[in-house]
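Input: a single structure, listed below in structure tokens.
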Amino acid sequence: MKKERHSDRGMTFLFLGFLGIVSLAGMITPQKAFSDSENRYLQKKPEFTVKSLLDGSYGEKYEQYLSDQFPGRNGWIGLKVTSERLAFQEDVNGVYFGKDGYLIEKYDTEDVEGEQLNKNMEKLAAFTGAAEKSLGKDHVRVMLVPSASQVMTDRLPFLAAPYDQGRVTELLSERLKETGNSPEMVLPAEDCLKSFRDEALYYRTDHHWTARGAFLGYRLWAESMGLMPWTEDMFDIRTASSEFHGTVYSKLNVPWRYDSIEVWQPKEPQDYRVSFDGELKEYDSLYFPDALKGKDKYAVYLDGNHAITKIENRSIEGDQKEKKLFIIKDSYAHSFAVFAANHFGTVYMADLRYLNLNLKEWMEEQGITDVLVMYQIPGFAKEKTVSRLVYK
Numbered sequence: 001m002k003k004e005r006h007s008d009r010g011m012t013f014l015f016l017g018f019l020g021i022v023s024l025a026g027m028i029t030p031q032k033a034f035s036d037s038e039n040r041y042l043q044k045k046p047e048f049t050v051k052s053l054l055d056g057s058y059g060e061k062y063e064q065y066l067s068d069q070f071p072g073r074n075g076w077i078g079l080k081v082t083s084e085r086l087a088f089q090e091d092v093n094g095v096y097f098g099k100d101g102y103l104i105e106k107y108d109t110e111d112v113e114g115e116q117l118n119k120n121m122e123k124l125a126a127f128t129g130a131a132e133k134s135l136g137k138d139h140v141r142v143m144l145v146p147s148a149s150q151v152m153t154d155r156l157p158f159l160a161a162p163y164d165q166g167r168v169t170e171l172l173s174e175r176l177k178e179t180g181n182s183p184e185m186v187l188p189a190e191d192c193l194k195s196f197r198d199e200a201l202y203y204r205t206d207h208h209w210t211a212r213g214a215f216l217g218y219r220l221w222a223e224s225m226g227l228m229p230w231t232e233d234m235f236d237i238r239t240a241s242s243e244f245h246g247t248v249y250s251k252l253n254v255p256w257r258y259d260s261i262e263v264w265q266p267k268e269p270q271d272y273r274v275s276f277d278g279e280l281k282e283y284d285s286l287y288f289p290d291a292l293k294g295k296d297k298y299a300v301y302l303d304g305n306h307a308i309t310k311i312e313n314r315s316i317e318g319d320q321k322e323k324k325l326f327i328i329k330d331s332y333a334h335s336f337a338v339f340a341a342n343h344f345g346t347v348y349m350a351d352l353r354y355l356n357l358n359l360k361e362w363m364e365e366q367g368i369t370d371v372l373v374m375y376q377i378p379g380f381a382k383e384k385t386v387s388r389l390v391y392k
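Numbering (the working numbering), first residue to last: 1 to 392.
As structure tokens, this is what we get:
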């Protein structure tokens with residue numbers, strides 16, 4: 001009996017010692033602002049206020065802070081994932097271990113539907129309706145792109161039952177009808193992608209679609225606009241990197257096969273001018289190879305996230321030279337815009353996460369002729385900055 005008590009005390013002291021070491025490490029380790037492996041900003045220690053305590057936001061942020069700033073966090077995540085995989089779990093940390101080496105993000109109903117989605121659809125319906133009245137019925141489009149779990153169903157584990165993202169486009173179409181707007185502006189991205197799901201439309205380790213997936217989305221959009229889409233044989237396609245581990249991989253931190261990233265260069269040279277956030281400096285390419293040296297290799301497409309990206313194509317002739325396309329988007333649009341830029345004299349992209357301005361006034365000042373709203377469906381459902389999507 002005495003031996004058991006000594007053993008229990010030993011385990012208790014060992015555990016307390018471990019907690020002490022972790023706490024000390026947490027105090028002396030500087031807070032990290034950004035996680036390169038996850039490509040996101042980390043929660044810093046929140047400021048305490050009575051209001052934040054009472055409304056629950058302080059507790060939520062503090063819990064996220066402890067999780068984000070935990071010493072050796074990436075290593076612990078990898079250890080947890082490995083142990084759960086050994087227990088034959090088919091999804092860990094919200095990720096399915098799919099067939100053919102696919103890591104596919106798992107979304108349940110509560111991850112998509114809810115108050116934020118309803119608010120965002122209301123904003124989107126009001127914005128596109130007003131823009132359509134101003135620019136004309138054939139000049140406004142919406143493309144909500146499903147994630148891999150909706151399209152690559154044949155790669156999902158047996159009995160996996162993720163949320164049906166088609167519900168979101170159905171709900172949006174209903175909302176547009178209710179407000180007297182044209183539901184035809186919502187493009188059937190899911191049907192388009194599913195027709196080619198045997199191809200590599202999504203990365204194995206990242207939440208984005210590949211250049212090939214974006215190319216299919218581009219063709220769908222171009223045809224809906226009455227444009228003649230470019231064909232695959234009009235591009236030189238090459239692998240820019242074969243050592244890409246994306247955002248989904250970063251949720252797991254376990255050894256995994258690499259993805260490849262492609263760039264599609266027009267065989268007929270185009271005279272591009274690219275600038276960011278109103279700066280005078282211009283670039284003559286839609287691709288930024290320096291990004292391939294870092295973790296976020298997807299930023300090879302148009303240098304990643306910026307508040308405003310401006311693309312001029314001085315090779316455009318005729319009426320399209322004066323046309324100006326405005327894409328309001330998340331990062332799914334980056335690999336899409338490199339194709340759309342071959343049809344308009346000027347393409348602007350706006351990321352509402354980094355931008356807050358009067359869109360109607362800005363569009364009028366720039367002489368915008370066409371609008372495309374493009375988001376990944378799960379991202380759109382939770383993105384609070386869609387509240388800035390206002391046309392008045």
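No residue lacks a Cβ here, since even glycine has one placed at the ideal position from N, Cα and C. Note that the coordinates shown come from a computational prediction; the quantities given were computed from them, not determined experimentally.
Thinking C-alpha only, which one of the options is nearest residue i?
i, options, result
"Arg257", "Tyr287, Glu47, His306, Asp206", "Asp206"
"Val373", "Ser387, Phe97, Phe326, Ala341", "Phe326"
"Ser285", "Tyr301, Pro378, Gly56", "Tyr301"
"Ser315", "Tyr107, Thr346, Gly98", "Thr346"
"Glu317", "Ala381, Leu201, Gln270, Glu110", "Gln270"
"Tyr354", "His306, Tyr58, Ser260, Arg238", "His306"
"Ser224", "Lys382, Asp138, Trp362, Thr128", "Asp138"
"Phe244", "Leu292, Val371, Val254", "Leu292"
"Val274", "Gly304, Val254, Asp236", "Gly304"
"Gly213", "Glu365, Glu190, Val186", "Glu190"
"Leu187", "Met152, Ser241, Gly217", "Gly217"
"Lys281", "Lys310, Leu389, Ala126, Lys297", "Lys310"
"Glu383", "Asp111, Phe288, Arg219", "Asp111"
"Phe288", "Lys267, Ser134, Asp277, Val263", "Val263"
"Asp236", "Glu60, Lys267, Gly226, Ala200", "Lys267"
"Leu159", "Leu252, Glu90, Leu54", "Glu90"
"Asp396", "Leu252, Gln265, Glu361", "In the structure as shown, the chain begins at 1 and stops at 392. Residue 396 is therefore absent and cannot be evaluated."
"Tyr298", "Ser241, Asp198, Gly98", "Ser241"
"Asp277", "Asp351, Met228, Glu60", "Asp351"
"Glu415", "Glu184, Leu227, Lys321", "The structure shown has nothing for residue 415, since the chain only spans 1 to 392."
"Lys251", "Val50, Phe97, Tyr58", "Phe97"
"Lys99", "Lys44, Asp198, Glu60", "Asp198"
"Lys238", "Met228, Ile261, Val50, Pro46", "The amino acid at residue 238 is misidentified as Lys; the sequence shows Arg. Ranking Met228, Ile261, Val50, Pro46 by Cα distance to Arg238 puts Ile261 first."
Could you check whether residue j and residue i sit closer than 8 Å to each other, using their CB atoms as the reference points?
i, j, result
"Leu171", "Met121", "yes"
"Arg141", "Trp209", "no"
"Ser147", "Ile328", "no"
"Asn313", "Trp230", "no"
"Tyr391", "Leu359", "yes"
"Phe196", "Phe339", "no"
"Asp370", "Lys323", "yes"
"Gly114", "Asn181", "no"
"Val254", "Leu193", "no"
"Thr247", "Tyr163", "no"
"Tyr375", "Asp330", "yes"
"Leu117", "Ala337", "no"
"Ile308", "Tyr272", "no"
Would you please state the rounded distance, in angstroms, between the beta carbons of residue i and residue j? I believe it to be under 8 Å.
i, j, result
"Thr179", "Leu144", "Their Cβ separation, rounded to whole angstroms, is 17 Å, which puts Thr179 and Leu144 out of contact at 8 Å."
"Asp259", "Arg175", "At roughly 36 Å, the Cβ-Cβ gap does not stay under 8 Å, so Asp259 and Arg175 are not in contact."
"Ala211", "Ser335", "5 Å"
"Glu105", "Val92", "In fact, because the Cβ distance is near 12 Å, the residues do not count as touching under 8 Å."
"Tyr202", "Leu103", "Not a contact, Cβ separation roughly 10 Å."
"Leu357", "Phe127", "That pair is no contact at about 14 Å."
"Leu124", "Val386", "7 Å"
"Tyr107", "Ser149", "6 Å"
In the DSSP output, what is residue i paired with across the bridge?
i, result
"Arg238", "Val263"
"Leu103", "Phe97"
"Phe276", "Thr309"
"Met374", "Met143, Lys329"
"Leu91", "Residue 91 is actually Asp in this sequence, not Leu. The partner list for Asp91 (beta bridge, DSSP) reads Tyr96."
"Phe244", "Asp259"
"Val186", "Val142"
"Tyr283", "Val274"
"Tyr301", "Tyr287"
Can you list the alpha helix (DSSP H) stretches of 4 or more residues lying completely in the segment 318 to 354, in chain order? If you keep only unbroken alpha helix (DSSP H) runs of at least 4 residues inside the segment 318 to 354, you get 334 to 340.
Runs of 3 residues minimum, wholly inside the segment 195 to 225: which ones carry the beta strand (DSSP E) assignment? Runs of the beta strand (DSSP E) inside the segment 195 to 225: none found.
Within the segment 114 to 162, ranges of the beta strand (DSSP E) (whole runs, at least 3 residues): Here the runs fully enclosed are 140 to 145.
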